[in-house]
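Single-structure report; data block below.
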Amino acid sequence: MAAQRLFRTLLSRSGTGPGPGPAGPRRASSSLPAPGTWSSRLSRLPHRDLYRLSVTDPDQFWGSAAADRLRWVEPFHRVRDCELRSGRISWFLGGKLNVSVNCLDVHVETHPDRVALIWERDEPGTEVKVTYRELLETTCRLANVLKSHGVQKGDRVAVYMPVSPLAVAAMLACARIGAVHTVVFAGFSSEALAGRIQDAQCKAVVTCNQGVRGGRLIDLKATVDAAVKSCPSVQHVFVSQRTENPTVMGQLDVPLEEVMSSQPPVCPPEPLDSEDLLFLLYTSGSTGKPKGIVHTQAGYLLYTSLTHQYVFDHRDGDVFGCVADVGWITGHSYVVYGPLCNGATTVLFESTPVYPDPGRYWETVQRLRISQFYGAPTALRLLLKYDDSWVKKYDRSSLRTLGSVGEPINHEAWHWFHSVVGDGRCPLVDTWWQTETGGVCIAPRPAEEGAPILPAMAMRPFFGIQPELLGEKGERLSGDDVSGALCIGQAWPGMARSIYGDHDRFVEAYFTAFPGYYCTGDGAHRSNHGFYQITGRIDDVINISGHRLGTAEIEDALDEHPAVPESAVIGFPHDIKGEVPFAFVVLKDGVSERGAVLQQLRELVSTKIAKYAVPEHFLVVRRLPKTRSGKIMRRILRKVATETTGDPGDVSTLDDPSVVKEIIDAHRRYTEQRAEKKK
Ligand code: PRX
């Protein structure tokens, strides 16, 4: 309870109010949409008209939404300057604002005692509520701590913390002073953390002594200690006490609660350009090195606030329950920025869906009176295996909208979520989007007049999103009932601006395959009715329990083992996790201790990346299938691993097609051995 007590102590110190925010709302200049256009006219239009306007006149749509929905220090003079071919994307040019003011101060002015955060701690029934006034004060104290330790505008700060009010305050504190946060999921290993800190050249790290999850303690500080050894840019590590257990403090370490308590609860917000960096979030691509996706201030905030309101049908007084971790984009956009910008009460879920039992989510819904429940299909697939009584014994009448994110939701999970959890009365929105898109891009909007919601389908584009399906030669596939590469034909304010430190890689990864379009890396089908269904990745990225991972990252880790000259990893279907990594490894001649090597490989992936990345299957092969130019043909490996017919498909482009028979034989022996073991 130490953290709770300390947090309370901090909060109870009286503050002097919201602090000197920017001098009142100032609006965009008169050549732009007239002030009040959004509030008085556009927001009342039927969704169909709003959508049409958003794609035919983005300046009018986004300009009026930005002017009315955000508070500006300086009005913007131009709505956008975007050119997808070159990856040049700028929104609300000339405008200055502060994101933390929009998420905190504006609400403190009108309803300081409204609950901003409900921290659903791991221990059931010990939730902590934090009002907007308290969150502002905590954010300001933390911002002052950062400033007094030399963190300045533009500096990068790594946040390695589980979901907690202090993690949110750390993000907002960075936003307040113009520092750039990079939250690293607290399940990543020290090497993965170090790689991100080094790439971003972070000046400081904010962490906890320990994490608590499913009743287990996780030594986060030890992971940070190991990481910062190879990160000379780090000058301070701020350590919060989540548990009472003592922490060994080193030279860089600063006790966070202690230093916060001596700081004033007021911190003047830094006016920032619309296109100043707000945060970096590292994500996997099809090459080995994670990319630091860059999001900026105004466009991201506007897009998350608008999607949060429209996709989830959020209304005043709702309790918004997104159970994602803040270490992922879902946590950034729909635990923190979207809901707080809209003055919502947002839930921070620290625990797991099965702790202390499989009723945890629904008991939380009942206790906190949650209105929207937004989670990942992987958890639903796990929960639906238990008896429905785990759901039904709790009162879920507070629920109004259900949402799913991160991976395709299968029909069984969709129907269970809709009919058992939602009693068949709550719209269920399958939301498609990515770290790079900033917010939801394709999803039903429950409040849309007369629009159907079909099971397991992302359905319709959000305002401003123009999905296009492109064929293999880059041709635009028009009409309905077609499948192709999912691209987006027009810029939108929430989209990523760059890859940190490597704009060329940004252009190469997203704008080169189909010039003039943002290429998502996913495939999709457009139905006879013009609705979109995501069919999965078209590149070498897999999705494990909703967590995206490039197979190349796992291969890089495996190939570091001295006994492994090469490896190839593919995604293999799993009934709960969606996909798991399946590794084909070549071992050097003379390696006799195969079992020991495979165990070392598991450990290697766990320490280099994270536990969830460890392959569930290892198949030792003599050779990998390669084209004449030496490219590994993972398509063939996928076929061998997943097709029961044993048909590897077209092997004509292989350098030596006989390799396929070897792999099929090895795979057959592997499946027989597994079946034997199961007996
Ligand atoms: O393949 C798509 C899948 O998750 C990828 C994005 O992963 P990430 O950047 O980690 O963001 C996850 C949370 C937004 C996409 O390229 N994906 C996400 N949502 C869906 C999905 N696949 C199918 N249906 C979805 N609703």
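All residue numbers in the sequence shown are consecutive under our numbering, ending with 1365. Positions of the beta carbon are idealized from the N, C-alpha and C atoms, including for glycine. Source: prediction; values computed, not measured.
Residues bridged to residue i [DSSP beta-bridge criterion]
i       : result
His1303 : Phe1268
Val980  : Leu966 and Ser1184
Pro1147 : Ile1128
Leu1088 : Phe1059 and Leu1114
Lys782  : Glu760 and Asp959
Cys789  : In DSSP, Cys789 forms no bridge with anything.
Ser1169 : His1211
Leu1340 : Thr1313
Ala1296 : Phe874
Pro1153 : Ile1174
Gly897  : Ile904
Local Cβ density within 10 Å of residue i, reported as buried at 16 or more and exposed below that
i       : result
Val1005 : buried
Gly1170 : buried
Ala1254 : buried
Leu1310 : buried
Lys1363 : exposed
Leu731  : exposed
Ala1129 : buried
Thr1313 : exposed
Glu1093 : buried
Glu1241 : buried
Thr993  : buried
Val891  : buried
Glu1158 : exposed
Tyr1218 : buried
Tyr1203 : buried
Lys1365 : exposed
Asp1011 : buried
Asn1214 : exposed
Thr824  : buried
Pro955  : buried
CB-CB length for residue i against residue j, believed under 8 Å
i       : j       : result
Met857  : Val1022 : 6 Å
Val1300 : Arg1280 : Wrong, their Cβ atoms sit about 17 Å apart, outside the cutoff.
Thr1283 : Ala1249 : Here the sequence assigns Val to residue 1283, which means Thr is not the residue at that position. Contact holds; Cβ gap of about 5 Å.
Val816  : Ala802  : 6 Å
Thr933  : Asn895  : 4 Å
Gly670  : Thr1121 : Here the chain has residues from 687 to 1365 only, and residue 670 is not among them.
Leu1114 : Ser1090 : 7 Å
Arg1366 : Ile1228 : The structure shown has nothing for residue 1366, since the chain only spans 687 to 1365.
Arg862  : Cys953  : 6 Å
His1018 : Ala1182 : Not quite, the Cβ-Cβ distance comes to about 12 Å (not below 8 Å), so this is no contact.
Val765  : Asn784  : Actually they do not touch by this definition, with Cβ atoms about 20 Å apart.
Gly773  : Phe1200 : Actually they are not in contact, since the Cβ atoms of Gly773 and Phe1200 sit about 13 Å apart, beyond 8 Å.
Gly897  : Pro848  : 4 Å
Residue i - containing beta strand (DSSP E), residue span
i       : result
Arg1367 : Residue 1367 cannot be examined here, being either before or after the span of the chain that is shown, 687 to 1365.
Cys768  : Arg764 to Glu769
Leu779  : Arg774 to Leu779
Gly901  : Run containing Gly901: none; DSSP gives neither H nor E here.
Val1040 : Looking at the DSSP string, Val1040 is not in any beta strand (DSSP E), and its letter there is neither H nor E.
Ala720  : No beta strand (DSSP E) contains Ala720, which DSSP labels as neither H nor E.
Ala890  : Ala890 to Cys894
Ala1277 : Here residue 1277 is Val; the residue named in the question, Ala, does not match the sequence. Here Val1277 belongs to no beta strand (DSSP E), and DSSP marks it neither H nor E.
Thr1031 : Thr1031 to Phe1035
Thr868  : Val866 to Val869
Residue span of the alpha helix (DSSP H) that contains residue i, given as start and end
i       : result
Pro1311 : First-last for Pro1311: undefined, no H or E at that position.
Leu1027 : Correcting the residue identity first, residue 1027 is Cys in this sequence and not Leu. Gly1024 to Cys1027 is the span of the alpha helix (DSSP H), which, as asked, contains Cys1027.
Cys860  : Pro851 to Ile863
Thr1050 : Arg1046 to Leu1054
Tyr680  : As displayed, the chain neither begins before 687 nor continues past 1365, which places residue 680 out of reach and without an answer.
Glu877  : Ser876 to Ala886
Thr723  : Thr723 to Ser726
Ile1350 : Ser1344 to Lys1364
Gly1209 : Here Gly1209 belongs to no alpha helix (DSSP H); instead the beta strand (DSSP E) covers Tyr1204 to Arg1212.
Arg1162 : Here Arg1162 belongs to no alpha helix (DSSP H), and DSSP marks it neither H nor E.
His733  : His733 to Thr742
Ala844  : Looking at the DSSP string, Ala844 is not in any alpha helix (DSSP H); the run it does join, the beta strand (DSSP E), is Arg842 to Tyr846.
Val1077 : Ser1075 to Lys1078
Leu1366 : Since the displayed the chain opens at 687 and closes at 1365, residue 1366 lies outside it and no answer follows.
Entirely enclosed beta strand (DSSP E) segments - the stretch 1096-1136, minimum 3 residues: 1114-1117
Residue ranges of each beta strand (DSSP E) within the stretch 807-831, 3 or longer: 814-817
Residue ranges of each alpha helix (DSSP H) within the stretch 1214-1272, 4 or longer: 1237-1245
Every unbroken beta strand (DSSP E) within the stretch 905-963, with a cutoff of 3 residues, ordered by chain: 922-926 and 939-941
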